[in-house]
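Step one of this worksheet: look at the structure below.
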Amino acid sequence: MKTTNLGFPNVYQSLIKQTVERFWKGAATEKDVQSALAEVMRYNRAAQESLNLIPVGDIDLYDRLLATAVRFGIVPSRFGTPKDAVSSLAVYLSIPRGAEGKPASPMVKWFNTNYHIVQPEIEGDPVWQKDALLPDLSDPRHILSLIGPWTLLSYSINRTSRSLPELFAILASQYSAFINSLPAHTRIQLEEPSFITEGIPQGYEDFLAGVKRPVHLHVYFGAVNDFAERLFSLPVAGIGLDFLDGPGNLSLLPKFPQDKILIAGIVNGHNVWPVSTRSEKILATIRGTIADERLFISPSCSLLHVPLSAEGEAAGFSFALEKLAELSAIKAGDAKYAPFTMQNDALPEERFARKRKTYWVSDIVYPTTTIGSFPQTAEVRKARSDWRAGKMTDADYQRFIEGLIKDCVARQEDLGLDVLVHGEFERNDMVQYFAENFSGFTPIKGPVQSYGTRHVRPPVITGPVSRPQPFTVSWSTYAQSCTRKPMKGMLTGPVTIVKWSFPREDMSPEAQYYEVARALAEEVRDLASAGITHIQIDEPALREALPVDKSERAHYLRHAVNAFRHTFASVPDEVVIHSHMCFSEFTDILDAIREMGTDVLSIEDSKAKGKVAASIRASGFPASIGLGVFDVHSPRLPTVEEMLAIPRSLDLDPHRVWINPDCGLKTRGEEAWTQLGRMMEAVRILRKEWTDTQKSP
Ligand code: GLN
Ligand code: ZN
């Protein structure tokens, strides 16, 4: 039995992040950035010394899919030619970041992980760029890690006139030309997780037949049952399967080809728990069928989804370095497996209905609100860290935050907004804040790459979740005391809290949604008892938590929606429930959205210009929709006309159309107020137009 890996984090000493950020400020050169990358590669290489096969080419300065796309000449022309992107870091890094007058390429979630990739935009035929840098392939233990052509393509935007099969044939020929140019001994680790979602495309056999280097083909994030026969007969040296996200793979072992290597993903690559007896059992079953000479063990997916080292962390977590040590110990036969018993978690099946059966509708036309957070200035962040460090007393901190709330409320009143918010100044992050105030969560220090230079520190669910005492109520009631307009209480929903944490492994995610929902329900109840009549429960992660495996989706959606509804099922009838979701891919979840039972659902619709709202309404959604009319992720000042165009494109009852930004304003600066001012100007025009139509016969 041998060991290998599917990829390593690029966060060592935050070197890449810091150097790239300095490069953007003009304080570091291209050479500095390249040497930061080289240093992290050296560190990673040394850290993986214990493995029999060591992946190289698995990390990038920004995003590996972006790097792969550029290697094959996929570069949006607004940024330059493929040659420019290969030779100039400034051009390369402008693709995900955007530049003056050139919008960035979109970012999307990588399957159902919390990592985001930069979406390749294909405008012409892909052409392999011979000058693109290569990692060190001289060591025969190195294996070149490469995202496969089908996965790259299935994440791409096709702006050409070619069909997908045509594009695949062209891209695949460029892949084989590239691979065949590599030193003769080079092995390739080709990753095709999109087989799970999209199946194997036509022509994959032909592509592989043209590849003259040994290939280990990895399919992870699910089971390969649906296409196992075809997968097993592909002309490759080895096949990598994920036995954790795809337990169904175990039953396929008897059919596994005798002449191929199996790379068995048995250590969870996207969670932080030490390897358990669950993996021990899986491995025993595998070894019952697959001879040790043909067996590699590995993490289930790239370790980029976990932090680097668990040293100095609270409890016995297993991060990237620890997982490698686990693999070595398993190979040596002296692994200490943590005991594993799945908690008995019978899921409540009833629908969690409120007493009130109808939806609350505003008597104002085009009512206005915001999504919750207002700009978090350096001053706010400093006060929070001073307070945490004990350099600021509780009373001073409270007074400071209350000052910000008061000011924020006054400015919202001046603008004429209808439902106000307190601004979320006390929150660092919409999940971390809840994790800190609930019991059952443990914070971590080690960063995980969320995208590009952005690092996050997801809390870990380590025990039963509960809410010891109310924690949002006093901020909300203080804010309400500053105004006679309704003040909206702000909470993060159960699915989002679980999804943006590292969940327990011994409990289904669904059971964890309910646990968090019960804790949230207490906060909702207390907000309502304190006289807060509008409560928003954000679920921005509802869509991304959708299982990769389509057969699991209905079960997920039923319980995600039930858990969400549980949070407000017992509030009095007069309480108006809002929710917010910031994504625009609603197609697969329209029924679930309708079932959520919110009175107002605010969505991100500034980029799709109202199309999302139209499709939600067309699916029979009965309640009010909050149209995100401007993009909060940009400091750009949208024109009043642009914002007007969105509601005007829709034929909807103006009592059920709210006007709001498309997400929280936390990352904005002072310009947020100008943006809101223009939004209110648009609303005044809409209201006048509506009054005029009411007067005319
Ligand atoms: N209420 C949160 C905020 O305004 C929502 C953020 C989100 O949807 N990601 O910041
Ligand atoms: Zn949002």
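407 is the number that the working numbering gives to position 416 of the sequence shown; each next residue is one higher, with no gaps.
We put the beta carbon where it would ideally sit given N, CA and C, even for glycine.
Bounds of the alpha helix (DSSP H) holding A386 are D385 to L406. Set against 7 Å, the gap from the CB of E415 to the closest heavy atom of the ligand GLN is smaller. Within the same chain, Cβ atoms closer than 6 Å to the Cβ of P358 are found at D409 and W649, the five residues on either side in sequence being excluded. Judged by DSSP in its simplified three-state form, H446 adopts strand. For the pair P438 and N1, the Cα-to-Cα distance works out to about 10 Å. Going by DSSP, M671 is part of no beta strand (DSSP E) but of the alpha helix (DSSP H) stretching over E662 to K686. As summarised for the stretch 560 to 639, the continuous beta strand (DSSP E) elements at least 3 residues long and confined to that stretch are 567 to 572, 591 to 594 and 615 to 619, given in chain order. The Cβ atoms of I584 and L537 lie no closer than 8 Å to each other.
With respect to I526, S492 sits apart: the two C-beta atoms are not nearer than 8 Å. The beta carbon of I362 sits closer than 7 Å to at least one heavy atom of the ligand ZN.
When D622, I170 and A470 are compared, the shortest CA-CA separation from A521 is found for A470. Just so you know, the alpha carbons of W101 and S465 end up roughly 38 Å apart. Annotated as distal: E530 and N103, with beta-carbon spacing of 8 Å or more. Taking 3 residues as the minimum length, the beta strand (DSSP E) runs contained wholly in the stretch 409 to 441 are 430 to 433, in order along the chain. Secondary structure of K203 (DSSP, three-state): coil. With a cutoff of 8 Å on beta-carbon distance, V489 and V507 are scored as near each other. Per DSSP, the unbroken alpha helix (DSSP H) holding A502 starts and ends at P500 to S520. In this structure the stretch 63 to 72 does not lie against the stretch 444 to 458, because fewer than three pairs of beta carbons, one per stretch, are closer than 8 Å. Between R204 and P226, the alpha-carbon positions lie close to 11 Å from each other. When the beta-carbon positions are compared, D283 and M(-8) come within less than 8 Å of each other. The beta carbon of F365 is closer than 6 Å to those of C399, G414 and L656 in its chain, skipping five residues each way along the sequence.
Rounded to the nearest whole angstrom, the C-alpha separation of R445 and K8 is 7 Å. Annotation for S492: no alpha helix (DSSP H) segment contains it, and DSSP assigns it neither H nor E.
Counting the other CB atoms within 10 Å of its CB gives S136 a total of 16 or more, which places it among the buried residues.
Not one heavy atom of the ligand ZN sits closer than 7 Å to the Cβ of C473. Judged by DSSP secondary structure, A27 falls within the alpha helix (DSSP H) whose first and last residues are E21 to A38.
For K657, the shortest C-beta to heavy atom distance toward the ligand GLN is below 7 Å. The three-state reading of DSSP puts I355 in coil, since its state is none of H, G, I, E or B.
Considered as a whole, the stretch 206 to 235 harbours 219 to 223 as its complete alpha helix (DSSP H) runs of no fewer than 4 residues, in chain order. Under a 10 Å Cβ-count criterion, L628 is classified as exposed, with fewer than 16 other Cβ atoms of the shown protein chains found around its own Cβ.
Every beta strand (DSSP E) of 3 residues or more that sits fully in the stretch 125 to 173 is shown, in chain order, as 133 to 138. In this structure, the beta-carbon distance from A219 to G194 does not fall below 8 Å.
A residue is called buried once 16 or more other Cβ atoms fall within 10 Å of its Cβ, and M333, having fewer, is exposed. Judged by beta-carbon spacing, L42 lies beyond the 8 Å limit of L299, meaning their Cβ atoms are not closer than that value.
One Cα belongs to E662, the other to P626, and the distance between them is close to 7 Å.
In this structure, D51 has its beta carbon at no less than 7 Å from each heavy atom of the ligand GLN.
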